[in-house]
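Some notes on the structure that comes next.
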Amino acid sequence: MNKRKENWLIITDLDGTLLDEQNYSFSQAEKALLFLKAKKFPVIPCTSKTHQEVIALREQIGLDSPFIVENGSAVFFNSGYFNISFDEYDFYQSYQYITLGKKYEEILKFFRILKSEFNIGVKGFSEMMIPEIQQYTNMTTEDAQKAKERFFSEPFIIVSENPPFNEIQEYARQKGFRVLKGNRFYHLLAASDKGQAIKQLLKLFRLKFPDYTLNTIGIGDSLNDIELLKNVDIPVLVNKPSGCHQPGIEIKNLIKTKLAGPAGWQEAIFQIIQKK
262 MNKRKENWLI ITDLDGTLLD EQNYSFSQAE KALLFLKAKK FPVIPCTSKT
312 HQEVIALREQ IGLDSPFIVE NGSAVFFNSG YFNISFDEYD FYQSYQYITL
362 GKKYEEILKF FRILKSEFNI GVKGFSEMMI PEIQQYTNMT TEDAQKAKER
412 FFSEPFIIVS ENPPFNEIQE YARQKGFRVL KGNRFYHLLA ASDKGQAIKQ
462 LLKLFRLKFP DYTLNTIGIG DSLNDIELLK NVDIPVLVNK PSGCHQPGIE
512 IKNLIKTKLA GPAGWQEAIF QIIQKK
């Protein structure tokens, strides 16, 4: 009996993982990226970033694989990537996308309700000018503009002291929304998450590669990545620049890198795939 061919899918967070947390460089992961490209193993961003941000980043890195945006709110892919016609999916330029979240207008409507309900000082991306976003993110003007072009979620800051975060999360959950804490911002979005998006994407990949065994590696660095890490075969937690891994992430068979950021990302890729 012939052994099934194998393909590896690398599903990865970006900031603090594939990208350096401070300067957004992926240079320390370039050897691993070239290795994966030569093997034709897709690298799939799974991020809080917008479609505009990821499209630009894919061009810089040289990726053509699908990607998951705004914390699992949608799955984007090049039209024709899966060699199947998906008339039921939406189009954006040369991409099709599967929507799992709510429209931005609905998110902003609930954001205003949330502010009123808890009477706390919060400020969302929709209320910030580009220079203010740059102040919090160290982005260029162009990148900050891409980050502001949101379809499905609202990043925000809380300026009040000791906000009742658990109560805010629970209230949002009861109303069909989620509030996540990322590296720089809180994020308000629908009840969709990175795990649900990964499941949708894997269905498409199984149609594309019916004769292959698909192995999935998931790489993240923060609590925001828990659903990503739970929904892959091999979960990887990248170290923080401080030398400490994110506490509160306990997942079976979790691999923790010694190195931080993109260097840790590269460490994991070579450690896992070259052993196989």
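With this note's numbering, the residue at position 135 of the sequence shown is 396, and numbering never jumps.
Note that the Cβ used here is the ideal one computed from N, Cα and C, for glycine as well.
Touch test, the segment 410-430 against the segment 460-473, Cβ-Cβ under 8 Å, three pairs minimum
no
Kindly list the residues whose CB is nearer than 6 Å to the CB of N485, restricted to its own chain and excluding five residues on each side of it in sequence; keep chain order.
Within the sequence shown, residue 485 is the residue found at index 224, counting from 1. Answer for N485: L441, G443, listed in chain order.
Straight-line Cα distance separating K491 from K310
Position 49 of the sequence shown, counted from the start, is the residue given in the question as residue 310. Position 230 of the sequence shown, counted from the start, is the residue given in the question as residue 491. Going by the C-alpha atoms only, they are around 20 Å apart.
Starting from the C-beta of L520, find all residues in its chain whose C-beta is less than 7 Å away, skip the five residues before and the five after it, and write them out in chain order.
Position 259 of the sequence shown, counted from the first residue, corresponds to residue 520. Counting only Cβ-Cβ distances below 7 Å, and skipping sequence neighbours, we find N500, E528.
Using a 10 Å radius around the Cβ and a threshold of 16 neighbouring Cβ atoms, would you call L377 buried or exposed?
Position 116 of the sequence shown, counting from 1, holds the residue named residue 377. It should be pointed out that residue 377 corresponds to Ser in this sequence rather than to Leu. Under this definition S377 is an exposed residue.
On the CB-based measure, 16 or more other CB atoms within 10 Å of its CB, does F352 come out buried or exposed?
Numbered from 1 along the sequence shown, position 91 holds the residue referred to as residue 352. So F352 counts as exposed.
Measuring CA to CA, which of G277, I271, A458 is closest to K301?
For the purposes of this step, residue 301 is identified with residue 40 of the sequence shown, where counting begins at 1. Nearest of G277, I271, A458 to K301, Cα basis: I271.
How should E402 be labelled, buried or exposed, when 16 other C-beta atoms within 10 angstroms of its C-beta is the threshold for buried?
Position 141 of the sequence shown, counting from 1, holds the residue named residue 402. Reading off the sequence, residue 402 comes out as Thr, not Glu. Exposed, because fewer than 16 other Cβ atoms sit within 10 Å of the Cβ of T402.
Go to P306, then tell me how far its beta strand (DSSP E) extends in each direction, as first and last residue.
Along the sequence shown, one-based indexing puts residue 306 at 45. P306 -> beta strand (DSSP E) spans 304-306.
Tell me the rounded alpha-carbon separation between L449 and L475.
Against the sequence shown, residue 449 aligns to sequence position 188. Against the sequence shown, residue 475 aligns to sequence position 214. Going from the Cα of L449 to the Cα of L475 covers about 32 Å.
Report the three-state DSSP secondary structure of S506 (helix, strand or coil).
Residue numbering aside, residue 506 sits at position 245 when the sequence shown is read from its first letter. Checking the displayed sequence, the identity of residue 506 turns out to be His instead of Ser. The answer is coil: DSSP assigns H506 none of H, G, I, E or B.
Evaluate the contact criterion for the segment 360-375 versus the segment 325-340: three or more CB pairs, one atom per stretch, below 8 Å.
yes
Taking 7 Å as the cut-off, decide whether the C-beta atoms of G456 and E488 are in contact.
Position 195 of the sequence shown, counted from the first residue, corresponds to residue 456. Position 227 of the sequence shown, counted from the first residue, corresponds to residue 488. The answer is yes: Cβ separation under 7 Å.
In this structure, how does DSSP classify L490 when only helix, strand and coil are distinguished?
For the purposes of this step, residue 490 is identified with residue 229 of the sequence shown, where counting begins at 1. Three-state result, L490: helix.
Identify the continuous beta strand (DSSP E) that holds L520 and give its terminal residues.
For the purposes of this step, residue 520 is taken as the residue at position 259 of the sequence shown. Taken as a continuous stretch (DSSP letters only), the beta strand (DSSP E) holding L520 covers 516-521.
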